[in-house]
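Peer 1: Residues in the sequence shown are numbered from 10 upward in steps of one, following our numbering.
Note that beta-carbon positions come from the ideal geometry of N, C-alpha and C, so glycine has one too.
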Amino acid sequence: CLLVQDAIVRARRSILDSSLWPEPAPRLQRPPKLPSLGDSFRRQSAYGVTSMRMPEPADAAPSPVPLSLVRVEVQRPCNESGGRLMWPSVKMNESYTIAVSGGQVNISAPEPWGAMYGLETLAQLISRYPDGTLRLNETAVSDQPRFAHRGILLDTSRHYLPVRTIMQNLDGMAYNKMNVFHWHIGAYSGRHVYSQQDVASIVEHARRRGIRVVPEFDTPGHTLSWGAGRPGLLTACYNGKGSPDGTYGPVDPTNEANYPFLSALLSELSSVFPDTYLHLGGDEVPFDCWQSNPKVRQFMADRGFGQNYSLLENYYENRIISIATSGANRSVVVWQELLDNAVSLPRGTIVHVWKGGWQDEMAKVTARGYPALLSSCWYLDYIKMSDWKDFYACDPLSFSASAAQKARVIGGEACLWGEFVDASNAVSQLWPRASAVAERLWSNQTDCGRKWPSRGTPDSAAACCTGA
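1. Taking SER4 as the reference, give the member of PHE282, MET309, LEU128 and LEU242 with the closest Cα.
2. Starting from PHE190, follow the beta strand (DSSP E) in both directions and report where the run begins and ends.
3. Nearest CA to the CA of ALA351: which residue from TYR324, SER335 and SER301?
4. Can you find a heavy atom of the ligand NAP that lies under 7 Å from the Cβ of GLN113?
5. Looking at the unbroken beta strand (DSSP E) that takes in GLN113, where does it start and where does it end?
6. For PRO154, which residues from the same chain have a beta carbon less than 6 Å from its beta carbon, with the 5 sequence-adjacent residues on both sides left out?
7. Mark ALA16 as exposed unless 16 or more other C-beta atoms lie within 10 angstroms of its C-beta, in which case mark it buried.
8. Could you name the residues of the same chain whose beta carbon sits closer than 6 Å to that of ALA67, not counting the 5 residues immediately before and after it, in chain order?
9. Do LEU289 and VAL362 come within 8 Å of each other at the CB atom, strictly closer than that value?
10. Considering only C-alpha positions, which residue in the set LYS364, GLU213 and HIS231 is nearest to ARG93?
11. If the criterion is Cβ atoms closer than 8 Å, does the pair ALA132 and VAL83 meet it?
12. Please state whether the Cβ-Cβ distance between MET394 and LEU383 is less than 8 Å.
13. Would you kindly work out how many angstroms separate the C-alpha atoms of PRO75 and THR142, rounded to a whole number?
14. Taking the Cβ atom as the reference point for each residue, do THR375 and GLN414 lie within a distance shorter than 8 Å?
15. Whether or not the region 187 to 197 and the region 158 to 167 are in contact is what I'm after, with contact meaning three or more pairs of Cβ atoms, one per stretch, closer than 8 Å; do they touch?
16. Between CYS403 and SER385, what straight-line distance do the alpha-carbon atoms span, to the nearest angstrom?
17. For ARG217, which option in VAL223, ASP180, VAL436 and GLY249 has the closest C-alpha, if you only look at C-alpha atoms?
18. So ASP369 is in the alpha helix (DSSP H); what residue range does that whole segment cover?
19. Quick one: Cα of TYR318 to Cα of LYS100, how far?
20. Check whether the region 252 to 264 and the region 292 to 301 touch, using three or more Cβ-Cβ pairs below 8 Å as the test.
21. Opposite ARG221 in the DSSP bridges: which residues?
22. Going by alpha carbons, who is nearest to ASN178 out of ALA443, GLU448, PRO119 and ASN453?
23. Under the rule that 16 or more other beta-carbon atoms within 10 Å means buried, what is ILE392, buried or exposed?
24. For a test of the three-state rule: what should DSSP assign to ILE17, helix, strand or coil?
25. In the DSSP assignment, the beta strand (DSSP E) including TRP344 goes from what residue to what residue?
26. Give me the DSSP bridge partner(s) of ALA489.
27. Counting only runs that start and end within the region 302 to 348, where is the alpha helix (DSSP H) found for 4 or more residues in a row?
28. Please report the distance separating the alpha-carbon of ASN248 from that of LYS304.
29. For VAL222, I'd like the list of residues in its chain whose CB is within less than 7 Å of its CB, leaving aside the five on either flank, ordered along the chain.
30. Could you check where the beta strand (DSSP E) with ALA381 kicks off and where it finishes?
31. Nearest-angstrom Cα distance between THR334 and SER340?
32. Check for me: the beta strand (DSSP E) holding HIS361 runs from which residue to which?
33. Please determine, among LEU12, PRO355, THR174 and LYS373, the residue with the shortest C-alpha to C-alpha distance to GLU89.
34. Classify ILE161 as helix, strand or coil using the three-state DSSP reduction.
35. How is SER45 classed by DSSP in three states: helix, strand or coil?
36. Would you call the CB atoms of ASP431 and HIS231 closer than 8 Å?
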């Protein structure tokens with residue numbers, strides 16, 4: 010199975026330390042008898058976390074033994090013969106078990122995706138000794154994620170990110186067991202583009218790491234860069250004297266010619282991005298340009314919308330969602346504004362919550378029967394001292410609701426918006442801070458935060474939760 014073979018190669022490269030992140034649940038391990046390293050730190054990998062090994066207890070178990078054999082068993086065959094590819098999906102099984110005894114390791118998983126994560130965990134359990142041997146202690150791990158959707162949003166519209174930077178983030182995601190790359194692609198400038206070959210290489214790099222690529226083409230707002238290539242796509246804004254002022258606003262929902270164009274665009278997306286999720290955005294739609302345009306006002310009057318521009322938004326969104334899902338196995342994701350603006354979303358639409366007051370919003374979304382994603386408390390473009398603690402403390406289920414409502418929460422995403430982010434700081438701003446989000450979305454809910462040392466880092470939280 011090429012997927013597992015690739016994972017084995019990556020695991021070999023990662024065996025630089027023995028930190029463990031995110032924390033599996035449950036995990037049983039006999040603590041190794043190692044010299045105390047005190048406050049010394051080692052770098053786990055170029056995209057991982059910095060780990061701190063705490064002094065070992067005096068009654069520690071026998072010393073770790075040299076690694077002699079690793080067996081990987083995947084119960085479901087990869088079935089990639091004849092050029093077929095196996096793709097990660099929202100329903101993939103990511104569970105795995107690890108059993109270590111006498112230096113021999115057995116990793117078992119129902120599907121290749123779980124085997125990948127088992128190898129990631131194994132790489133973090135192994136210590137490289139000064140004599141060059143790789144050692145580990147007796148360990149039993151039975152692990153699976155708490156949430157199916159564990160994502161990172163990268164915004165490549167405000168500042169272009171090179172393909173290499175995006176792939177670096179994918180490597181960090183794989184190390185941290187995150188499985189959705191939400192790509193907010195192209196909104197403001199047409200100066201930098203990604204070719205279909207670029208997209209294909211990113212999608213394949215992600216696939217080999219068990220990561221789904223979910224594109225976001227945010228409409229009707231955030232589409233300024235589209236206008237230059239498609240006359241009539243955007244709404245012409247008018248000044249107070251009733252003349253065009255030379256600026257443009259959201260997609261013009263009154264221009265019937267726009268819908269075949271959008272249909273062709275979404276059809277092309279389906280051929281480039283194979284995942285069943287498509288994020289259609291829908292946030293921050295300014296109504297003032299629509300209000301200024303006499304053609305739009307006439308359209309509103311003809312349909313009895315009055316002055317309620319939310320009805321015009323509803324008209325547009327229902328048409329674009331219908332286009333996106335017609336004849337395709339697609340699940341649509343939208344930002345919370347659509348629900349807040351009373352847009353009548355089809356059943357099964359995934360609502361992405363990002364604003365403050367998220368507890369009430371999550372309760373509202375799930376009460377109406379919609380699947381929900383959370384990002385409100387995980388905006389990594391905002392920086393403050395030790396903010397990883399806030400990321401770790403935010404639990405997607407900490408809102409008042411029934412068990413049935415909470416079952417509709419499918420996960421969350423850490424977001425790195427691009428106003429002040431480019432290739433020079435994207436990876437360093439994401440990692441290791443996003444590791445706290447990865448831990449929260451993968452592991453069982455814990456009350457570890459109360460035990461954090463005053464001088465804390467994400468790896469300190471890991472040390473606390475593992476009992477190191």
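Peer 2: Walking through what the data contain:
1. The question about residue 4 has no answer, for the chain in this structure spans 10 to 477.
2. 189 to 193
3. TYR324
4. The model on display carries no ligand, and the ligand NAP is accordingly not part of it.
5. 113 to 118
6. GLU103 and TRP451
7. buried
8. Because ALA67 sits at a pLDDT of 44, beneath the cut-off of 50, its placement in the model cannot be relied upon, and the following sentence gives the value as read from the coordinates. Closer than 6 Å at Cβ, skipping near neighbours: no residue.
9. no
10. GLU213
11. no
12. no
13. 6 Å
14. yes
15. yes
16. 9 Å
17. ASP180
18. 367 to 376
19. 38 Å
20. yes
21. VAL189
22. ALA443
23. exposed
24. helix
25. 340 to 344
26. Nothing can be reported for residue 489, as the shown portion of the chain is limited to 10 through 477.
27. 303 to 311 and 318 to 334
28. 14 Å
29. PHE190, TRP192, ILE211, VAL212, ALA215, PHE282 and ASP284
30. 381 to 383
31. 7 Å
32. 359 to 362
33. LEU12
34. strand
35. Because the pLDDT at SER45 is just 29, under 50, the model does not fix this residue reliably, and the point stays unresolved.
36. no
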